[in-house]
Every structure is written in C-alpha cells, then in structure tokens.
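One structure is given below, encoded as structure tokens.
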Amino acid sequence: MKDMNCGYCAGGEPLAKFGIKICDLKVSQLILFKEQSHPGRCIVAYKDHISEIVDISDEERDAFFADVNHAAKAIHAVFHPDKINYGAYGDTGCHLHMHLVPKYKDQVEWGGVFAMNLDQKYLTDAEYAEMIEKIKAAL
Numbered sequence: 192m193k194d195m196n197c198g199y200c201a202g203g204e205p206l207a208k209f210g211i212k213i214c215d216l217k218v219s220q221l222i223l224f225k226e227q228s229h230p231g232r233c234i235v236a237y238k239d240h241i242s243e244i245v246d247i248s249d250e251e252r253d254a255f256f257a258d259v260n261h262a263a264k265a266i267h268a269v270f271h272p273d274k275i276n277y278g279a280y281g282d283t284g285c286h287l288h289m290h291l292v293p294k295y296k297d298q299v300e301w302g303g304v305f306a307m308n309l310d311q312k313y314l315t316d317a318e319y320a321e322m323i324e325k326i327k328a329a330l
C-alpha cells in the first residue's frame with residue numbers, strides 16, 4: 192500500500208525535499224537526511240504506508256527494528272557518534288519511520304533533544320554521495 196502524496200512512498204521530488212534514498216533494507220528503506228547538522232543522520236522508513244507500528248504483524252515489527260539496528264550499526268561504524276537518538280514521529284506524515292540522529296559531545300544539541308530540522312548544514316552532491324557510499328559499505 193502506497194500513498195503518492197508521501198515522500199517515503201513516492202520517492203522522487205517529494206523525497207528529495209528532505210532526503211536521499213540510500214538503499215532498501217529487509218522491510219524498509221534507508222534514507223540520508225539532507226540536513227546534516229548531526230553527521231550521519233538517517234531515516235529508516237517502513238516499506239508500506241502504515242501509520243502505526245501496531246498495524247503490522249509482530250514479525251514485520253521485529254524485521255523493522257532489525258533494519259533500524261542494522262542502520263545504527265553502520266552509522267556507528269562510519270561516524271563514531273557518542274550516542275544515537277531514535278525518534279519516531281508522524282503527526283503529519285503518517286508513515287511509519289524512525290529518525291536515527293547521531294549525537295556528538297562536542298557538537299550541536301549535546302545533552303538535549305534534537306531539533307527536527309536545524310536547517311543549518313547542507314552538503315554538496317559529491318559530499319552526499321561520499322557519505323552514502325561509506326554507509327553502504329558498512330551495511
């Protein structure tokens with residue numbers, strides 16, 4: 192089930208407003224968040240347009256969290272954060288997804304809740320491509 196008004200479902204320009212697809216995982220897709228104030232920030236978005244985790248089977252839920260874990264391991268391997276914050280929101284988007292936000296003691300927002308979009312640090316296409324290749328290699 193897809194909703195073509197949803198960036199995660201539609202891909203293309205709707206997704207490009209905030210992210211770049213890295214790859215498909217077992218039951219989700221891994222997306223690089225374009226705003227990189229937290230180096231390595233990614234999103235794991237479930238494969239279908241489902242709003243609530245209670246709307247999928249236990250097996251699918253376990254596979255989704257395995258995808259989150261798999262992505263987190265890659266982020267740790269590549270970016271060496273002091274901590275990853277995990278955020279599951281969706282008041283407006285209503286597509287099951289989780290933000291993986293690497294936090295660093297010497298950088299922005301350490302000790303506090305991360306902002307949804309600081310709108311401060313965007314990279315060049317080449318820098319995004321290099322980051323994506325490093326994440327893919329660590330998966």
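Residues 192 to 330 (this note's numbering) make up the sequence shown, in order.
C-beta: ideal position from N, C-alpha, C; glycine also.
Since D215 sits in a beta bridge, which residues does DSSP pair it with?
Q220
Under 7 Å Cβ to Cβ from F270, same chain only, skipping five residues before and after it: list those, please.
Answer for F270: P230, G231, P293, listed in chain order.
Please confirm whether C200 and H286 have their CB atoms less than 8 Å apart.
A contact, by the Cβ cut-off of 8 Å.
In the DSSP assignment, find the unbroken beta strand (DSSP E) run with P272 in it and report its ends.
First-last for P272: undefined, no H or E at that position.
Cβ distance (whole Å) where A236 is taken to contact I222 below 8 Å:
Rounded, the Cβ-Cβ distance is 6 Å, consistent with contact.
Note the first and the last residue of the continuous beta strand (DSSP E) segment covering P293.
288-294
Out of E324, W301, A328, which one is the CA nearest neighbour of S228?
W301
Could you tell me which residues DSSP puts in a beta bridge with V331?
Past the edges of the chain, shown from 192 to 330, lies residue 331, and the structure says nothing about it.
Opposite G331 in the DSSP bridges: which residues?
The structure shown does not extend to residue 331, since the chain spans only 192 to 330, so no value can be given for it.
Any idea if E250 is buried or exposed, counting beta-carbon neighbours within 10 angstroms, 16 or more meaning buried?
Looking at its Cβ environment, which holds fewer than 16 other Cβ atoms inside 10 Å, E250 is exposed.
Going by the DSSP bridge assignment, what does H278 pair with across the sheet?
In the sequence on display, residue 278 carries Gly and not His. BP columns for G278 point to H290.
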